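Taking numbering that gives the first Met the number 0, the leading residue of the sequence shown gets 0, the next gets one more, and so forth.
Ideal placement from N, C-alpha and C gives every residue a C-beta, glycine not left out.
As the structure is a prediction and not an experimental result, all values here were calculated from the model.
What follows is a single structure, written as structure tokens, with notes after it.
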Amino acid sequence: MALASHEIVRYLEGRGITKVFGLCGHTNIAMLEALSCSEVIDFVNVRHEQIASHAADGYARVTRKASVVLSHLGPGLTNAATGVANAALDSIPMVVIAGDVPTYYFGKHPHQEVNYHADGDQWSIYRPFVKRAFRVERADALPEILDRAFVIAESGRPGPVLVDVPMDLFSLEIDPKGVDRALTNQLDYAKPTITEELAAQIVKNLAEAERPLVYAGGGILLADASEELTELVDMLDLPVAHSLMGKGAVPDDNPHVLGMSGFWGVEFTNKMCQDADWILGLGTRFAEADASSWYEEFTFKMPPTKLMQIDIDPEQIGRNYPVEIGAVAELKSALGVLVKVAKQLYPEGVKRPELVQSIVDERATRKQGFSADQTSTEFPMNPARILADLRTAIPEDSFIVTDVGWNKNGLAQQYDIVVPGTFVTPGGFATMGFGSPAALGVKLAAPERPVIALIGDGGFGQNPAVLATARREQIPVIWVVMNNNAFGTIAGLEKANFGTTYGTTFSVDDGDDMWIDYSEIARAYGIKAKRVESAEDFASVLAEALAAGEPFLLDVPMRNIPTPTSGHWNILDIYSPEGVKGHATTD
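Shown next as structure tokens:
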């Protein structure tokens, strides 16, 4: 017999887990003791549970395997909830192991229990956003439940799973045969694909269409299917638009790439989406941000456009637009079949030279339009100059981890991602505060590659204690704080609709501009840091950070400049129903 906590750790080791992200609490110290005995697993110690869940999210995006979060009950579980929900909406696999009140205290309302409506029911807080919430009733059931949790988290549409464990169960003895049996059950499941007959129908529709278009979502990157998709679009000369989460699914320097659609998409991309006669949607649910609030006059109009949609999750097929063809399949396998059939049907490929040239020309014109901002010497810096200098300075395979605001929307428009999977951003939940800690997880998963956290001052202010974890674990992330002294995106929306910026900018009426130097905060945590003093200064400070080989923060004063867009967001109609429709500008 062995302690349940030690058997949990042995199971995690057998599963290949080498990192557990979390924070201590009286309900999980038995797990901390067990982890201290492991020669395989490192406990990544944080100062706030939201940091743990965001870091675990970033780690899982790179490894494409379920990450592990260790949480306390009550405030620990609720603090972690935002990061877990963010992972859920972006289809990121994660297993959360949370301590709970002792089984024999049910009904007594012990310390820190969430119990307003039911006793021993805190685990149900996670039910709206996890794939499964397990409440463990017996210690000997832990190995089986953990095994099921990992399978559920990683299979189908990936996502988080909660395993809620009353704290007394961690210290009970269980038979090691339970873990032995669970570890023998690790199967490489056959994944669903499409038939060659269906593939032939899809390929013919695209090849014979007058205005075909592939629409790539984040599911392509989750399935590691970029190579197959790129081969298909090159073979059939297919223009490719993408969602925010699909950026880089086909490298941005490929001549078929139109760019991002929707709220912060550009006019050319939105028009191509709107005018297509056949669209193949891959790994996307056509979310509101990507579809301009589903207004037909801005991005997609289906019908008359005919939609073919392939997704691992059947609930996403036909969710927002009717389909002519729908298929539930794993995208890497399905695209492999499509490529095979396309080679059989069109061995010489399909050529659309005028279409491809129009994409190349438009993209060149668009980039030329950014050049003045990208070379601007104004200070505080123009955000486009920050992106341009960053692109010049870092290797192409560097990871860029963003938060929300200009750093996400402007980058998605203006920054080329040429290595698939190197753009990491919060999509569905759009969580402010994601970027700083997620970058830690990304760097731990890819220690040999530069990781840049590109974040606003509002986002960095959410979780500055991330610096303590970076110092303790010596995680050499570079934070570039785009400091515009405001919640800039929302300030722009409020200004556009109401003419005010109340509650969105940081200065106060008595003349205090509240401009915070985050480099000083970083140094207080023992982190190397510098405040950029001019536009010309940024590149040299960034080079210093890249050479440092340790955590480094750059505070970059930045102008509050709108992110240009031709897309639409229906909040404009809600707040300003008489306003000009279709030309939202947000900072």
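Whole-Å CB distance - Met30 paired with Ser4, under 8 Å assumed
What you label residue 30 is simply residue 31 of the sequence shown in a count that begins at 1. What you label residue 4 is simply residue 5 of the sequence shown in a count that begins at 1. The Cβ separation is near 5 Å, so the contact holds.
Inside the segment 385 to 429 only - beta strand (DSSP E) runs reaching at least 3 residues:
Note on the segment 385 to 429: whole beta strand (DSSP E) runs with a minimum of 3 residues are 398 to 401, in chain order.
Hey, Arg126 and Ala117: beta-carbon distance below 8 Å or not?
Along the sequence shown, read from residue 1 onward, the residue named residue 126 stands at position 127. Along the sequence shown, read from residue 1 onward, the residue named residue 117 stands at position 118. Result no, Cβ atoms of Arg126 and Ala117 do not sit closer than 8 Å.
Report the rounded CA-to-CA distance for Phe299 versus Val95, giving the unit in angstroms.
Stepping through the sequence shown from its first residue, residue 299 is reached at position 300. Stepping through the sequence shown from its first residue, residue 95 is reached at position 96. Distance from the CA atom of Phe299 to the CA atom of Val95, rounded to whole angstroms, is 38 Å.
Local conformation of Pro556 per DSSP, three classes:
By 1-based counting over the sequence shown, the position of residue 556 is 557. Assigned with DSSP and collapsed to three states, Pro556 falls in strand.
Let me confirm a value: Asn184 is counted as buried when at least 16 other C-beta atoms fall within 10 Å, else exposed. Which label applies?
Against the sequence shown, residue 184 aligns to sequence position 185. In this structure Asn184 is exposed. Its beta-carbon is surrounded by fewer than 16 other beta-carbon atoms within 10 angstroms.
I'd like to know if the segment 193 to 205 and the segment 19 to 33 are in contact, where contact means that at least 3 CB-CB pairs between them fall below 8 Å.
The segment 193 to 205, when compared against the segment 19 to 33, does not touch it at the 8 Å Cβ threshold.
Thr564 in three-state terms, based on DSSP:
Numbered from 1 along the sequence shown, position 565 holds the residue referred to as residue 564. Reduced to three states, the DSSP call for Thr564 is coil.
Determine the DSSP secondary structure at Pro321, reduced to helix, strand or coil.
Here residue 321 refers to the residue found at position 322 of the sequence shown. Pro321 falls in the coil class under three-state DSSP.
Pair within 8 Å by beta-carbon distance, Phe505 and Lys527
Here residue 505 refers to the residue found at position 506 of the sequence shown. Here residue 527 refers to the residue found at position 528 of the sequence shown. Contact check for Phe505 against Lys527 fails: the beta carbons are separated by 8 Å or more.
Put Ile309 into one of helix, strand or coil per three-state DSSP.
Taking the first residue of the sequence shown as position 1, residue 309 is located at position 310. In this structure, DSSP gives Ile309 an extended state, which the three-state scheme calls strand.
Backbone CA spacing between Arg284 and Ala363 [nearest angstrom]:
Taking the first residue of the sequence shown as position 1, residue 284 is located at position 285. Taking the first residue of the sequence shown as position 1, residue 363 is located at position 364. Rounded to the nearest angstrom, the two C-alpha atoms are 30 Å apart.
Identity of the residues DSSP links to Met481 by a beta bridge
Counting from 1 along the sequence shown, the entry for residue 481 is found at position 482. Listed as beta-bridge partners of Met481 by DSSP are Gly455, Val555.
Would you kindly report the start and end of the unbroken beta strand (DSSP E) that includes Asn496?
On the sequence shown, residue 496 is found 497 positions in, with the first residue counted as 1. From DSSP, Asn496 is part of no beta strand (DSSP E) but of the alpha helix (DSSP H) over 487 to 497.
First through last residue of the beta strand (DSSP E) which encompasses Pro211:
Start at 1 with the first residue of the sequence shown, and residue 211 comes out as number 212. In the DSSP assignment, Pro211 falls within the beta strand (DSSP E) that extends over 211 to 215.
For Asn78, report the span of its alpha helix (DSSP H) as first-last.
One-based indexing of the sequence shown puts residue 78 at position 79. Looking at the DSSP string, the run of the alpha helix (DSSP H) that includes Asn78 is 74 to 88.
Roughly how far, in whole angstroms, is the beta-carbon of Ala438 from the beta-carbon of Ala452, given that I think they are within contact range, below 8 Å?
The sequence position of residue 438 within the sequence shown is 439, counting from 1. The sequence position of residue 452 within the sequence shown is 453, counting from 1. At roughly 4 Å, the Cβ-Cβ gap stays under 8 Å, so Ala438 and Ala452 are in contact.
My assumption, with CB atoms under 8 Å, is that Lys331 sits in contact with Ala444. Please give the rounded CB distance.
Your numbering for residue 331 matches position 332 in the sequence shown. Your numbering for residue 444 matches position 445 in the sequence shown. Contact doesn't hold; Cβ gap of about 20 Å is too wide.
So Leu279 and Val340 are supposed to be a Cβ contact under 8 Å. How far apart are they, rounded?
Position 280 of the sequence shown, counted from the start, is the residue given in the question as residue 279. Position 341 of the sequence shown, counted from the start, is the residue given in the question as residue 340. Not quite, the Cβ-Cβ distance comes to about 13 Å (not below 8 Å), so this is no contact.
For Thr391, which option in Ala51, Thr374, Pro379 has the closest C-alpha, if you only look at C-alpha atoms?
Translated into positions along the sequence shown, residue 391 becomes position 392. Here the closest residue by C-alpha is Thr374.
Based on Cα-Cα distance, which residue from Val45, Ala59, Asn483, Glu287 lies nearest to Ala79?
As a position in the sequence shown, residue 79 is number 80, starting the count at 1. It is Val45 whose Cα lies nearest to the Cα of Ala79.
Nearest to Gly57 (by Cα), restricted to the options Glu323, Val476, Gly348:
Position 58 of the sequence shown holds residue 57. Ranking the options by Cα distance to Gly57, first place goes to Val476.
Go through the segment 31 to 64 residue by residue and report every complete run of the beta strand (DSSP E) that reaches 3 residues or more, in order.
Here the runs fully enclosed are 41 to 44.
Three-state class that DSSP yields for Val68 in the structure shown:
By one-based count along the sequence shown, residue 68 stands at place 69. Correct three-state label for Val68: strand.
Span of the beta strand (DSSP E), counted from its first residue to its last, around Lys527
The residue labelled residue 527 in the question sits at position 528 within the sequence shown. Where Lys527 is concerned, the enclosing beta strand (DSSP E) stretches over 527 to 530.
Measure the alpha-carbon distance for Trp114 versus Gly73 and round it to whole angstroms.
If you number the sequence shown from 1, residue 114 lands on position 115. If you number the sequence shown from 1, residue 73 lands on position 74. Per the sequence shown, the amino acid found at residue 114 is Asn instead of Trp. So the two alpha carbons sit approximately 9 Å from each other.
I'd like to check one pair, Ala152 with Met619: are the Cβ atoms closer than 8 Å?
Outside the shown range of the chain, which is 0 to 586, sits residue 619, and nothing can be said about it.
Just tell me which of Ala59, Gly13, Ile50 has its CA closest to the CA of Ser37.
If you number the sequence shown from 1, residue 37 lands on position 38. Taking the Cα of Ser37 as reference, the smallest distance to any Cα among Ala59, Gly13, Ile50 is reached at Gly13.
Have a look at the DSSP bridge pairing and note the partners of Ile278.
Locating residue 278 in the sequence shown gives position 279, counting from the first residue. For Ile278, which the question treats as bridged, DSSP gives the partners Leu212, Leu306.
Can you give me the C-alpha to C-alpha distance between Ser90 and Asp511, rounded to a whole angstrom?
Here residue 90 refers to the residue found at position 91 of the sequence shown. Here residue 511 refers to the residue found at position 512 of the sequence shown. Whole-angstrom Cα-Cα distance: 42 Å.
Beta-carbon contacts of Phe369 that lie in its chain and below 7 Å, excluding the five residues immediately before and after:
The residue given as residue 369 occupies position 370 in the sequence shown. Taken in chain order, the residues that qualify are Ala383, Gln413.
Could you check what DSSP says for Pro331 in three-state terms: helix, strand or coil?
On the sequence shown, residue 331 is found 332 positions in, with the first residue counted as 1. The residue you asked about is not Pro; residue 331 is Lys in the sequence shown. DSSP places Lys331 within a helical segment (H, G or I) once states are collapsed to three.
Starting from the Cα of Gln356, find the closest Cα among Glu347, Pro379, His255 and give me that residue.
As a working note, residue 356 is residue 357 in the sequence shown. Between Gln356 and the set Glu347, Pro379, His255, the nearest pair of CA atoms involves His255.
Going by C-alpha distance, which of Pro463, Ile570, Asn483, Gln367 is nearest Arg625?
Beyond the ends of the chain as shown, which are 0 and 586, falls residue 625; an answer cannot be given.
Going by C-alpha distance, which of Glu172, Ala97, Met481 is nearest His25?
Position 26 of the sequence shown holds residue 25. For the set Glu172, Ala97, Met481, the Cα lying nearest the Cα of His25 is the one of Ala97.
What does a CB cutoff of less than 6 Å around Val465 pick up in its chain, not counting 5 residues either side in sequence?
Translated into positions along the sequence shown, residue 465 becomes position 466. Excluding residues within five positions, the ones whose Cβ falls inside 6 Å are Ile50, Ser435, Pro436.
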